[in-house]
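For the first sequence, position 84 (counting from the first letter as 1) is numbered 83 according to numbering that gives the first Met the number 0, and the numbering increases by one without interruption.
Glycine is no exception: its CB is placed at the ideal position from the N, C-alpha and C atoms.
Computed from a prediction, not measured in an experiment: that's the story for all the values here.
Read the structure below first, then the notes.
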Amino acid sequence: MERYDPQAIETKWQEVWEREDAFVVPNPDPSSAGEDRKTYVLEMLPYPSGELHMGHVLNYTLGDVVAHLRRRRGFTVLRPIGYDAFGLPAENAAIKEGGHPRDVTNRNIAAIREQMKRMGWSIDWSRELSTAEPDYYHWTQWLFLKFYEAGFAYRKEAFVNWCPNDQTVLANEQVIDGRCERCGHEVEARSLEQWFFRITAYADRLLEEMSLLESWPERVLTMQRNWIGRSEGAEVIFRIEELDVDLPVFTTRPDTLFGATFFVLAPEHPLIPRLAAGTPHEEEVLEYARRAAARPTVERADPEKEKTGVFTGHFVTNPVNDNRLPVWVADYVLMEYGTGAIMAVPAHDERDFAFAQRYELPIVPVVVPVDGDVEEGTAFMGHSENEKLIESAQFSGMTSPEAKKAIVEWLESRGRGRPAVSYRLRDWLLSRQRYWGCPIPILYCDECGMVPVPEEDLPVLLPEVDEYLPKGRSPLAAAEDWVNTTCPKCGGPARRETDTMDTFVDSSWYYLRYCDPENDGAPFDRGIVDYWLPVNQYIGGIEHAILHLLYARFFTKVMNDLGIVGFREPFARLFNQGMLYYRGAKMSKAKGNVIAPDAYAERLGADAVRLYVLFMGPAEDDKEWQDSGIEGMARFLGRLWRLGLEVAAQGANGAPPEGPLVNRTHETIAKVTDDIERRFQFNTPIAAVMELVNEIYHVKDDPERAGEVRFATETAVSLIQPYVPHIGEELWERLGHERLWETPWPEADEALLERETFELVVQVNGRVRDRAEVPVNLSEDELIARAKELPRVRAHVDGKEVKKAIVVPGRLVNLVV
RNA sequence: GCGGGCGUGGCGGAACGGUAGACGCGGCGGGCUUAGGACCCGUUGAGCCCACAAGGCUCGUGGAGGUUCAAAUCCUCCCGCCCGCACCA
Numbered sequence: 000m001e002r003y004d005p006q007a008i009e010t011k012w013q014e015v016w017e018r019e020d021a022f023v024v025p026n027p028d029p030s031s032a033g034e035d036r037k038t039y040v041l042e043m044l045p046y047p048s049g050e051l052h053m054g055h056v057l058n059y060t061l062g063d064v065v066a067h068l069r070r071r072r073g074f075t076v077l078r079p080i081g082y083d084a085f086g087l088p089a090e091n092a093a094i095k096e097g098g099h100p101r102d103v104t105n106r107n108i109a110a111i112r113e114q115m116k117r118m119g120w121s122i123d124w125s126r127e128l129s130t131a132e133p134d135y136y137h138w139t140q141w142l143f144l145k146f147y148e149a150g151f152a153y154r155k156e157a158f159v160n161w162c163p164n165d166q167t168v169l170a171n172e173q174v175i176d177g178r179c180e181r182c183g184h185e186v187e188a189r190s191l192e193q194w195f196f197r198i199t200a201y202a203d204r205l206l207e208e209m210s211l212l213e214s215w216p217e218r219v220l221t222m223q224r225n226w227i228g229r230s231e232g233a234e235v236i237f238r239i240e241e242l243d244v245d246l247p248v249f250t251t252r253p254d255t256l257f258g259a260t261f262f263v264l265a266p267e268h269p270l271i272p273r274l275a276a277g278t279p280h281e282e283e284v285l286e287y288a289r290r291a292a293a294r295p296t297v298e299r300a301d302p303e304k305e306k307t308g309v310f311t312g313h314f315v316t317n318p319v320n321d322n323r324l325p326v327w328v329a330d331y332v333l334m335e336y337g338t339g340a341i342m343a344v345p346a347h348d349e350r351d352f353a354f355a356q357r358y359e360l361p362i363v364p365v366v367v368p369v370d371g372d373v374e375e376g377t378a379f380m381g382h383s384e385n386e387k388l389i390e391s392a393q394f395s396g397m398t399s400p401e402a403k404k405a406i407v408e409w410l411e412s413r414g415r416g417r418p419a420v421s422y423r424l425r426d427w428l429l430s431r432q433r434y435w436g437c438p439i440p441i442l443y444c445d446e447c448g449m450v451p452v453p454e455e456d457l458p459v460l461l462p463e464v465d466e467y468l469p470k471g472r473s474p475l476a477a478a479e480d481w482v483n484t485t486c487p488k489c490g491g492p493a494r495r496e497t498d499t500m501d502t503f504v505d506s507s508w509y510y511l512r513y514c515d516p517e518n519d520g521a522p523f524d525r526g527i528v529d530y531w532l533p534v535n536q537y538i539g540g541i542e543h544a545i546l547h548l549l550y551a552r553f554f555t556k557v558m559n560d561l562g563i564v565g566f567r568e569p570f571a572r573l574f575n576q577g578m579l580y581y582r583g584a585k586m587s588k589a590k591g592n593v594i595a596p597d598a599y600a601e602r603l604g605a606d607a608v609r610l611y612v613l614f615m616g617p618a619e620d621d622k623e624w625q626d627s628g629i630e631g632m633a634r635f636l637g638r639l640w641r642l643g644l645e646v647a648a649q650g651a652n653g654a655p656p657e658g659p660l661v662n663r664t665h666e667t668i669a670k671v672t673d674d675i676e677r678r679f680q681f682n683t684p685i686a687a688v689m690e691l692v693n694e695i696y697h698v699k700d701d702p703e704r705a706g707e708v709r710f711a712t713e714t715a716v717s718l719i720q721p722y723v724p725h726i727g728e729e730l731w732e733r734l735g736h737e738r739l740w741e742t743p744w745p746e747a748d749e750a751l752l753e754r755e756t757f758e759l760v761v762q763v764n765g766r767v768r769d770r771a772e773v774p775v776n777l778s779e780d781e782l783i784a785r786a787k788e789l790p791r792v793r794a795h796v797d798g799k800e801v802k803k804a805i806v807v808p809g810r811l812v813n814l815v816v
């Protein structure tokens, strides 16, 4: 018999698909839009820093199964691909090895494209894009200008995260435990003028509109909620009388205002120099503030370390009781959150408590449990609803929730406070002092100030430079001819912005460009994106739970408000595949345990690789790669191959496809379809088809059953095709058919799923004692009667009284004795 | 510390409150074969009863309780591991 030769088969079908544009999908005629059923299957686009690894293979094979199944169920499926091509790794590689980042990137793209084609994914290659190409970043710049005009992109001086190794600023989202997400170097604080996107304006909508999402993993929503960090509370205004200065604070506990015993400013607080001026503490305070600000973020952010601070010599007045509270400066208060100043209530806040103990400041409890007391001088950090106030003037006796409301109202009536909401989320810092990114289309003119590049002058092309190495300012600054230009407003001399954009800007709208990639008059046609979006199924790694997914949601909302798109959420359903491990560790280049798909595809075929990544376990779980596992997949495909050829050799015969194997086949159809479509479970359908194939093997040599065997075999091939499209197509052809990729998906015949008998399981007191094959149409009483007759059941029931009998129709009887 | 998740054979895993261990890997036995690491068939949670077999019994899903006729699955507490956030007022 002809041997299964994956190399030959896979090459053959990949050529057929390419020749026939099998997976190219034209855009709909906008007038008929909405009529047909569409599915937009999207996987996070790869970053071309090297080659694809098994994690990518899992990602794209998952999408491929969904795409194939959807097509065969009659949907018009958009399944594009592109490359997130700007970014540091290409630039660093170019610095290290010489050459241009563009060449490094294009080399990597070419390699990835080859690998993708080798895996046989059903991609619409006519829509392929790279975010580093001028015809793409033209529109990234265009969108930036739209955001700018609408006030969602702005420039300001602020303390920013600076990575001294990569010589660039980072967004907060890119700082992990005080370190650079990319290189791991400790991040420093620097005060710089930078570009920001006003994502904070959308904080509430990013939370509220989670309700528009159809299906996102709970943990991703939780992570985004935590990241946005919405807190409700109040702004309360304290006052330094002698300086005539109001100092607002944000607090979530206005009910504890009477317990405030001191007041703290962040070391970066702008009022500090004024406060310190002329006091005996001046030197000490300024020195402390300077030192604190210079300390690495990692060190400052450690809550374990002992808190430090200095007294300024000033006092603020507490608006609820006119108490004078000493004003301190301490680095446990962050300038970035709230107002950079806090009222300290050591009895009811652990941090304030620690500070008060160290500096011997008073601790005054003002909230106690409703049904108990606390000893004087001790702290009570409870946060239940079951608290009441003491020592709080007219508010004493109120519960905490009542008091929060009452105190804020009282303050408001005196102009000393109001309800307020605070967020952890900060604006998205998008400037990068690096070469390989999208230029920011802004000019600076001495006469006119900041001037946006006119639309007709876009794109602002990335200039050629000799040196990519960052030196604290963007390498673009060295391209003098490029930097010096003319102001479009006044015609005078102007200089270009030399920072480039964070690559997350590029990837915040790529899924829209796929819909209309050739458009050279606009980023896309609104009618077309409104047809395809939202993405029906987005698939990618959990590492983008906050960064990319939050940014893309923000972009969509702004575009919606600007009338550029007609939807508010880009991704209806999100799925995160698990991480792959090898030899006990997460696969990574650094650890040298990356499994490349190519060697396996070479030896066992792309189909075996595809099948194994999905067979390993639930797609969302982290899993360990095992070489013996993929061997098993190749073995199964060989088994399917031999079965297919045997059945094909018998030719079509007149035997009717009837019998138990046909019923069994219909059960498999139902199981596979339900598992993928409803449960989004990809490993169990493979097992189900394996079971079917095993059963076919047991009867395949019986000539009486040739009709059943052919039907079951063809169906097995058809059901497994989304996973292994090459062997699927080849066997389908040899079985006398054509073009399985567009053959309608098998439908389970409800009538054939009905059985005449079933195996009745009989339990006594919940333990299985016997089973019997019984007709399905028996009544409950008849089932109980049958159950009691079974000898092994009688052994446990005879001589005892059956108190109760539970019947689960079609399944079991449980006798309680 | 806060939030989320996960603990099932030798291994990856299945079981969508109702037969625990599907399917695959590995192991064992057999067949085919000059030979095979190819292929086909069988077997494979632990312990016990029985001379053997047939058969049967008990235990078993990290631990302890609970709800239920019935729990890997639901609830409570504990242990262990993983992930996210973390001086956010």
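{"query": "Residue range of the alpha helix (DSSP H) that includes residue 627", "result": "626-649"}
{"query": "Secondary structure, beta strand (DSSP E): runs of 3+ residues fully inside the region 480-535", "result": "483-485, 492-495"}
{"query": "Short Cβ contact (8 Å threshold) for residue 190 with residue 151", "result": "no"}
{"query": "As assigned by DSSP and simplified to three states, the class of residue 258", "result": "helix"}
{"query": "Proximity to residue 580 [Cα-Cα], best of 52, 27, 4", "result": "52"}
{"query": "Given 8 Å, three or more beta-carbon pairs between the region 182-200 and the region 521-535", "result": "no"}
{"query": "Nearest-angstrom Cα separation, counted from residue 81 out to residue 45", "result": "7 Å"}
{"query": "Exposure of residue 432, with buried meaning 16 or more beta-carbon neighbours within 10 Å", "result": "buried"}
{"query": "DSSP-derived helix/strand/coil call for residue 545", "result": "coil"}
{"query": "At least three beta-carbon pairs within less than 8 Å, the region 621-632 to the region 664-683", "result": "no"}
{"query": "Inter-residue Cα distance where the pair is residue 140 and residue 14", "result": "38 Å"}
{"query": "Nearest to residue 551 (by Cα), restricted to the options 540, 506, 562", "result": "506"}
{"query": "Alpha-carbon to alpha-carbon, residue 90 and residue 207", "result": "39 Å"}
{"query": "Supposed close pair residue 306, residue 331 - CB separation, criterion 8 Å", "result": "5 Å"}
{"query": "Closer than 7 Å: residue 643 CB and nearest the ligand NAP heavy atom", "result": "The ligand content of the structure shown is nil, which means the ligand NAP is not present either."}
{"query": "Residue from 148, 198, 149, 144 with nearest C-alpha to residue 170", "result": "198"}
{"query": "contact_flag[the region 413-421, the region 453-461] where n(CB pairs < 8 Å) is 3 or more", "result": "no"}
{"query": "Length of the line joining the Cα atoms of residue 350 and residue 310", "result": "17 Å"}
{"query": "Classification of residue 746 by the beta-carbon crowding that lies within 10 angstroms, buried from 16 upward", "result": "exposed"}
{"query": "Buried versus exposed call for residue 809 [16 or more other C-beta atoms within 10 Å across all chains shown]", "result": "exposed"}
{"query": "contact_flag[the region 88-105, the region 67-80] where n(CB pairs < 8 Å) is 3 or more", "result": "no"}
{"query": "Candidates 449, 461, 452, of which the one nearest residue 438 by Cα", "result": "461"}
{"query": "Residue 147 - containing alpha helix (DSSP H), residue span", "result": "133-148"}
{"query": "8 Å contact criterion, which residue 495 and residue 482 should meet: CB distance rounded", "result": "5 Å"}
{"query": "Bridge-paired residues (DSSP) for residue 451", "result": "441"}
{"query": "Backbone CA spacing between residue 603 and residue 633 [nearest angstrom]", "result": "6 Å"}
{"query": "As assigned by DSSP and simplified to three states, the class of residue 432", "result": "coil"}
{"query": "7 Å CB neighbourhood of residue 783 in its chain, flanking five on each side removed", "result": "804, 806, 812"}
{"query": "Cβ-Cβ distance between residue 127 and residue 605 below 8 Å", "result": "no"}
{"query": "Meets three-Cβ-pair contact criterion under 8 Å: the region 550-570 and the region 54-66", "result": "no"}
{"query": "CA nearest to the CA of residue 104, picked from 414, 541, 86, 334", "result": "86"}
{"query": "Span of the beta strand (DSSP E) around residue 341", "result": "340-343"}
{"query": "Residues sharing a beta bridge with residue 821, DSSP", "result": "In the structure as shown, the chain begins at 0 and stops at 816. Residue 821 is therefore absent and cannot be evaluated."}
{"query": "The region 701-711 in contact with the region 640-655 per 3-pair CB rule at 8 Å", "result": "yes"}
{"query": "Burial state of residue 817, where buried means 16 or more other Cβ atoms lie within 10 Å", "result": "There is no way to answer for residue 817, as the model of the chain reaches only from 0 to 816."}
{"query": "Cβ pair residue 324, residue 261 closer than 8 Å", "result": "yes"}
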